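Undergrad: In this note's numbering, the protein residues as written are 97 to 707. We put the CB at the ideal spot given by N, CA and C, even for glycine. Since the structure is predicted, the reported quantities are computational estimates derived from the model, not experimental observations.
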Amino acid sequence: MISSDIGKEVIKKELPLIPKLPGVYKMLSFNNEILYVGKAKNLPNRLKSYISEKNHIIRTERMLSQTKKLEITTTSNESEALLLEANLIKKHKPRFNILLRDDKSFPFIFIGKEDKWPQIKRHRGKKDKKGFYFGPFASAGSANWTIKMMQKIFHLRVCDDTVFKNRKRPCILYQIKRCSGPCVGYVRQNDYKQTVEDAIEFVSGKSRHIQKSLSNQMEEASEQLDFEKAAILRDRIKSLNIIQSSQRINKANLVEADVIAGYKESGKTCIQVFFYRSKQNWGNQAFFPKHDPDECLDEIINSFVSQFYENKNVPASIILSEEIREKILIEKTLSEKENKQVSISIAKKGSKLKVISQAIKNAKDSLNRKIYESQNNRELFEKVSKKFNLETNINLIEVYDNSHIQGTNSIGALITYGEEGFVKKRYRKFNIKIKKNEQDDYGMMKEVLNRRFKRAIQEKDSFLTFPDLVLIDGGKGQYSVTRETLNELGLHDIPIIAIAKGKFRNSGNETFYHNGKEFKFAKNDPTLFFLQRLRDESHRFAISAHRAKRKQGISKSLLDQIEGIGNVRKRSLLNHFGSARAVESASLDEIRSVDGVEEKVAKKVYNFFHE
Numbered sequence: 097m098i099s100s101d102i103g104k105e106v107i108k109k110e111l112p113l114i115p116k117l118p119g120v121y122k123m124l125s126f127n128n129e130i131l132y133v134g135k136a137k138n139l140p141n142r143l144k145s146y147i148s149e150k151n152h153i154i155r156t157e158r159m160l161s162q163t164k165k166l167e168i169t170t171t172s173n174e175s176e177a178l179l180l181e182a183n184l185i186k187k188h189k190p191r192f193n194i195l196l197r198d199d200k201s202f203p204f205i206f207i208g209k210e211d212k213w214p215q216i217k218r219h220r221g222k223k224d225k226k227g228f229y230f231g232p233f234a235s236a237g238s239a240n241w242t243i244k245m246m247q248k249i250f251h252l253r254v255c256d257d258t259v260f261k262n263r264k265r266p267c268i269l270y271q272i273k274r275c276s277g278p279c280v281g282y283v284r285q286n287d288y289k290q291t292v293e294d295a296i297e298f299v300s301g302k303s304r305h306i307q308k309s310l311s312n313q314m315e316e317a318s319e320q321l322d323f324e325k326a327a328i329l330r331d332r333i334k335s336l337n338i339i340q341s342s343q344r345i346n347k348a349n350l351v352e353a354d355v356i357a358g359y360k361e362s363g364k365t366c367i368q369v370f371f372y373r374s375k376q377n378w379g380n381q382a383f384f385p386k387h388d389p390d391e392c393l394d395e396i397i398n399s400f401v402s403q404f405y406e407n408k409n410v411p412a413s414i415i416l417s418e419e420i421r422e423k424i425l426i427e428k429t430l431s432e433k434e435n436k437q438v439s440i441s442i443a444k445k446g447s448k449l450k451v452i453s454q455a456i457k458n459a460k461d462s463l464n465r466k467i468y469e470s471q472n473n474r475e476l477f478e479k480v481s482k483k484f485n486l487e488t489n490i491n492l493i494e495v496y497d498n499s500h501i502q503g504t505n506s507i508g509a510l511i512t513y514g515e516e517g518f519v520k521k522r523y524r525k526f527n528i529k530i531k532k533n534e535q536d537d538y539g540m541m542k543e544v545l546n547r548r549f550k551r552a553i554q555e556k557d558s559f560l561t562f563p564d565l566v567l568i569d570g571g572k573g574q575y576s577v578t579r580e581t582l583n584e585l586g587l588h589d590i591p592i593i594a595i596a597k598g599k600f601r602n603s604g605n606e607t608f609y610h611n612g613k614e615f616k617f618a619k620n621d622p623t624l625f626f627l628q629r630l631r632d633e634s635h636r637f638a639i640s641a642h643r644a645k646r647k648q649g650i651s652k653s654l655l656d657q658i659e660g661i662g663n664v665r666k667r668s669l670l671n672h673f674g675s676a677r678a679v680e681s682a683s684l685d686e687i688r689s690v691d692g693v694e695e696k697v698a699k700k701v702y703n704f705f706h707e
């Protein structure tokens, strides 16, 4: 029987000491785990409700039954409390809060303002450079598509500064009419800057104005008999017409808005966010917040909105599918945060209702796919348990693999698979630290497992929770080492399965090892395909981590080996020559000509490569 009396007693003791101010409260468990984060305009009044109300929902009863401690943080106003609450929920992910998962920054398009020859590129993260930012786009694909279209019309460069400064002839983008060749002076600076201004107007929604301007320029070039320039402008106008016809101009005429719609079924929810900027739909993204199955959709959307915009730019308009309890407070808080008027509205009729209805349909379709995938995964987990006679239920599988070439750049890799698919946030790579393990597959596996599980046992840093099953890419030997390592750590109850390829390393003839027994699958068994998929993903991740490490080693191996060459001189040499290999083939006079590289250093660099 769950008893909420424990938490109620904690609140009763603390109430007399709590000031009548707005703020945030945290409920903590016996082992200091944050169970719930809440906010209030008046902290004592809000906390009293936990004591006075008799019939709490089951989730609140469970939370109070586990509450051992209460922590209070006061704020100067309710808006500040809302932002702090959202920040703490994201940071600590309390189990009794509605949690926005898969939260990430969205890509923008950036055009440098102070560059002599501005570059157009995709940008994610802090906007700390001076220039023009356009977005957000729902995905990297949406941003890349827009950049590609802008290249066709405006021929702006996309190469980075190092490549740009060291080109002697134009790249293929010039040949296919995607760049105007500013790297080799094929376009005048004033003309290029005008094109940049046109590009900025284009993504700002002024494509009609750009089309008229290009037409006038084409006529002017024709009158001056500059037919080459006129042909270029004609091709740009053609590209612009194609893009305009394929662009998803929204019928609701939304200039700057986010459309947020939710759909709930079987205790799970999908929330779709559509981004509208410059009267164009710049894509949409699906979110699946974690919440109690009995939570109402309006409460889920309420929590979603406050968490979603905690670290993002807010548009002038937010259109929702549901009425939310804290609409006025969230509106006020976001307006203060952005220093502009932010309006939150609920679509009820007309073109906005059509847009929100489409968003709800997308949310429903996404949720149905998610539920179907989760159901399939649960069935596959059950089949794995049955095949290998496992005593525990599987909800989370960890897969381990190693990668190296003759003992160099050795990497251990861990991937995770749960009910909802691959859990990318739980992927880890391990640079092998013990020298003797670099050429020893068994030693590598032992080191990786020790480092991964010791951290969890000691509850250090951001440790990962234990999996329900460990899958190893290897045979009997790998299985024995893994079992021995986990047993030494006291983890006898975590089952292990090793997957070994057949004699000719052909897929479909794998042998599986578990608990001293060998297992085989029929070649068309879905469970075999599932385990192969997990093994292949771990192998892909291990190989990509290994290649990245090897590439980093190659780029560092030359100049970093020269004594007395620091980061500043190294950067000067690379900016001038483009690569370490180009420095190797340079003459002494060429090295001397680099800014910041004096005679003594130039000789040292030259002698390093030629002695």
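Just list the residues that DSSP pairs Leu-416 with in beta bridges.
TA: Ile-356, Ile-442
Undergrad: Quick one: what does DSSP say Asp-691 is sitting in, helix, strand or coil?
TA: coil
Undergrad: By DSSP, does His-188 sit in helix, in strand, or in coil?
TA: helix
Undergrad: Taking C-alpha atoms, which residue in Lys-448, Phe-298, Gln-290 lies nearest to Gln-313?
TA: Gln-290
Undergrad: Given a threshold of 16 other Cβ atoms within 10 Å of its Cβ, counted over all protein chains shown, does Thr-242 qualify as buried or as exposed?
TA: buried
Undergrad: What are the boundary residues of the beta strand (DSSP E) that Phe-370 is part of?
TA: 364-373
Undergrad: Lys-264 to Pro-278, Cα distance in whole Å?
TA: Their backbone Cα atoms lie some 11 Å apart in a straight line.
Undergrad: State the CB to CB distance for the pair Arg-142 and Phe-192, rounded to an integer number of angstroms; the pair is presumed to be in contact (CB under 8 Å).
TA: In this structure Arg-142 is not in contact with Phe-192, their Cβ atoms being roughly 15 Å apart against a cut-off of 8 Å.
Undergrad: Using three-state DSSP, classify Ser-100 as helix, strand or coil.
TA: Note: Ser-100 maps to coil in three-state DSSP.
Undergrad: If I measure Cβ to Cβ from Gly-134 and keep anything under 6 Å in the same chain, skipping five residues before and after, which residues do I get?
TA: Tyr-121
Undergrad: With burial defined as no fewer than 16 other Cβ atoms inside 10 Å of the residue's Cβ, what is the status of Arg-344: buried or exposed?
TA: At Arg-344 the pLDDT is 47, less than 50, meaning the model places this residue with poor confidence and gives no usable figure here.
Undergrad: Going by beta carbon distance, what residues of the same chain come within less than 6 Å of His-251, once the five residues before and after it are set aside?
TA: Cys-275, Ser-276
Undergrad: Can you find the residues in the same chain that come closer than 8 Å, C-beta to C-beta, to Ser-148, ignoring five residues on each side of it along the sequence?
TA: none
Undergrad: Based on Cα-Cα distance, which residue from Thr-163, Ser-238, Ile-490, Leu-582 lies nearest to Lys-550?
TA: Answer by Cα proximity: Leu-582.
Undergrad: Would you mind working out which of Arg-158, Val-480, His-610, Gly-231 sits nearest Leu-630, comparing C-alpha positions?
TA: Val-480
Undergrad: So what's Ile-207 in DSSP terms, helix, strand or just coil?
TA: Reduced to three states, the DSSP call for Ile-207 is strand.
Undergrad: State the DSSP-derived secondary structure class of Ser-125, mapped to helix, strand or coil.
TA: coil
Undergrad: Helix, strand or coil: how does DSSP classify Val-280 here?
TA: helix
Undergrad: Grouping DSSP H, G and I as helix and E and B as strand, with all else coil, what is Thr-561?
TA: coil
Undergrad: Below 7 Å, is the gap between the Cβ of Ile-154 and the nearest heavy atom of the ligand GDP?
TA: No copy of the ligand GDP appears in this structure; indeed no ligand is present at all.
Undergrad: Counting beta carbon pairs with one atom in the stretch 610-617 and one in the stretch 488-497, are three or more of them shorter than 8 Å?
TA: no
Undergrad: Return the chain-ordered list of same chain residues with a C-beta closer than 6 Å to the C-beta of Ala-443, the five sequence neighbours on each side being excluded.
TA: Ile-415, Leu-449, Ile-452
Undergrad: Report the three-state DSSP secondary structure of Gly-237 (helix, strand or coil).
TA: Helix, per DSSP.
Undergrad: Please state the DSSP three-state secondary structure of Ile-333.
TA: DSSP places Ile-333 in helix when its eight states are reduced to three.
Undergrad: What whole-angstrom Cβ distance do Met-541 and Tyr-513 have, given they're in contact under 8 Å?
TA: Contact annotation, Met-541 with Tyr-513: C-beta distance approximately 19 Å; criterion of less than 8 Å not satisfied.
Undergrad: Which term fits Ile-650, buried or exposed, when burial requires 16 or more other beta carbons within 10 angstroms of its beta carbon?
TA: No answer about Ile-650 holds up, because its pLDDT of 48 lies below 50 and its placement is not dependable.
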